[in-house]
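What follows is one structure encoded as structure tokens, with my remarks underneath.
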């Protein structure tokens, strides 16, 4: 598999305006999933786009990323995702928030993600912190305890 080719397919078709785009996008997801290691998560993250016309296809991308949890340790999958987050900004900020909400809602994922983010590079940590703060500020009653745990553990906030 040519990784650059699959990234290009994901990026060029992610508006998902036509059936042809959806087919190309879905085929690229399948090609990446058939790749034999966890780094496919980073590749898949290139497919997210806030201005897409087909949210369903974006959710298939989330499910594809989450499918790696069945094969690889959660720490590995969350590390791959965390290091990919800066590449999602600014064009896929809302999708990055959606995935982070899913992590915040799962205690095991949250506990693991707190540890993972503590060990990644500063640039990625700052981007993730901003996303977590946005989630907290928009829905404090729903996410306050999880976001506070995350921010205190990683940023002494």
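In UniProt numbering, the protein residues as written are 1 to 157. Beta carbons: idealized from backbone N, C-alpha and C, even for Gly. If you're wondering where the values come from, they're calculated on a predicted model, not measured in any experiment.
Query - residue 101 - DSSP class collapsed to helix/strand/coil - result: In the chain shown, the residue the question calls residue 101 occupies position 101. In the structure shown, the three-state DSSP call for residue 101 is helix.
Query raised in the report: Under three-state DSSP, which class holds residue 40?
Result: Translated into the one-based positions of the chain shown, residue 40 becomes position 40. Judged by DSSP in its simplified three-state form, residue 40 adopts helix.
Report task. Sort 145, 139, 150 and 109 by Cα distance to residue 129 and report the nearest one. Result -> As a first step, residue 129 is located in the chain shown; it is residue number 129 there, counting from the start. Comparing Cα-Cα distances from residue 129 to each of 145, 139, 150 and 109, the minimum goes to 150.
Query - Cβ-based neighbour list, residue 9, same chain, cut-off 6 angstroms, excluding 5 preceding and 5 following - result: Here residue 9 corresponds to residue number 9 of the chain shown, with the count starting at 1. Cβ neighbours of residue 9 beyond the five flanking positions: 24 and 28.
Query - With 16 other Cβ atoms within 10 Å as the buried cut-off, status of residue 75 - result: As a position in the chain shown, residue 75 is number 75, starting the count at 1. Residue 75 comes out exposed.
Report task. Apply the 10 Å Cβ neighbour rule to residue 59 and answer buried if 16 or more other Cβ atoms are within range, or exposed otherwise. Result -> Within the chain shown, residue 59 is the residue found at index 59, counting from 1. It counts as exposed.
**Report entry** Nonlocal neighbours in the same chain, by C-beta distance under 7 angstroms from residue 6, ignoring five residues either side
**Finding:** Taking the first residue of the chain shown as 1, we reach residue 6 at position 6. Here residue 6 has 28, 31, 32 and 43 as same chain residues with Cβ atoms under 7 angstroms from its own Cβ, once five neighbours each way along the sequence are excluded.
Query raised in the report: When the Cα atoms are used, what is the spatial distance from residue 102 to residue 110?
Result: As a working mapping, residue 102 is identified with position 102 in the chain shown. As a working mapping, residue 110 is identified with position 110 in the chain shown. Taking the straight line joining both Cα atoms gives about 9 angstroms.
Query - Beta carbon of residue 38 nearer than 9 angstroms to that of residue 80 - result: Here residue 38 corresponds to residue number 38 of the chain shown, with the count starting at 1. Here residue 80 corresponds to residue number 80 of the chain shown, with the count starting at 1. It is a contact, given that the beta carbons lie within the stated cut-off.
Requested in this report: Return the first residue and the last residue of the alpha helix (DSSP H) that residue 51 is part of.
Outcome: Along the chain shown, read from residue 1 onward, the residue named residue 51 stands at position 51. From DSSP, residue 51 is part of no alpha helix (DSSP H); its letter is neither H nor E.
Query raised in the report: Do residue 50 and residue 18 have their C-beta atoms closer together than 9 angstroms?
Result: Within the chain shown, the letter at position 50 stands for residue 50. Within the chain shown, the letter at position 18 stands for residue 18. Going by C-beta atoms, residue 50 is not nearer than 9 angstroms to residue 18.
Requested in this report: Verify whether the separation of the beta carbon atoms of residue 99 and residue 132 is less than 9 angstroms.
Outcome: For the purposes of this step, residue 99 is taken as residue 99 along the chain shown, with counting starting at 1. For the purposes of this step, residue 132 is taken as residue 132 along the chain shown, with counting starting at 1. No, they are not a contact pair.
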